[in-house]
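Everything below concerns the one structure shown next.
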Amino acid sequence: MNHHTFTALADPHRFQIVELLRERPHSVGEIAERLGLRQPQTSKHLRVLTDAGLVHMEPQANRRIAHLRPTPFRDLDDWLTRYRPLWEERLDRLDDYLRTLPPEDPAPDPTDPGGSP
1 MNHHTFTALA DPHRFQIVEL LRERPHSVGE IAERLGLRQP QTSKHLRVLT DAGLVHMEPQ
61 ANRRIAHLRP TPFRDLDDWL TRYRPLWEER LDRLDDYLRT LPPEDPAPDP TDPGGSP
């Protein structure tokens, strides 16, 4: 796990590209069209994702096809796995605390002319 993964995924456009590539590999032109980006912008974002090791570019005739590389995502999942027990414990404690609170009165229905819950 390295910080380049987080840096690459921190940009919203690059994150959207990764989400798009989860469906299947796409050409640079397809990615640009689907995300409403210009092709030079898309190429720049793909370069960052490639440099971070998240994407592999495959030349096909006059097109470049972007594929996700699974290893960095497995590494990310392994890294996050170490934190899951901590968050599960905290969420369990929050759930226990919320169960000790008295129930709230339901909010009035704004569409009810009488104003009764």
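Heads up: the sequence shown begins at 1 in full-length UniProt numbering, then just goes up one per residue. Quick reminder that beta carbons are idealized off the backbone N, C-alpha and C, glycines included.
Asked, Found
"Please classify L86: is it buried, with 16 or more other beta-carbons within 10 angstroms of its beta-carbon, or exposed?", "exposed"
"Please report how far the alpha carbon of H26 lies from the alpha carbon of V55, in whole angstroms.", "11 angstroms"
"Quick check: the Cα distance between L68 and R84, rounded to an integer number of angstroms?", "25 angstroms"
"Tell me the rounded alpha-carbon separation between A32 and A61.", "18 angstroms"
"What is the DSSP secondary structure of P59, counted as helix, strand or coil?", "strand"
"Measuring CA to CA, which of E19, H13, D75, H4 is closest to G36?", "H13"
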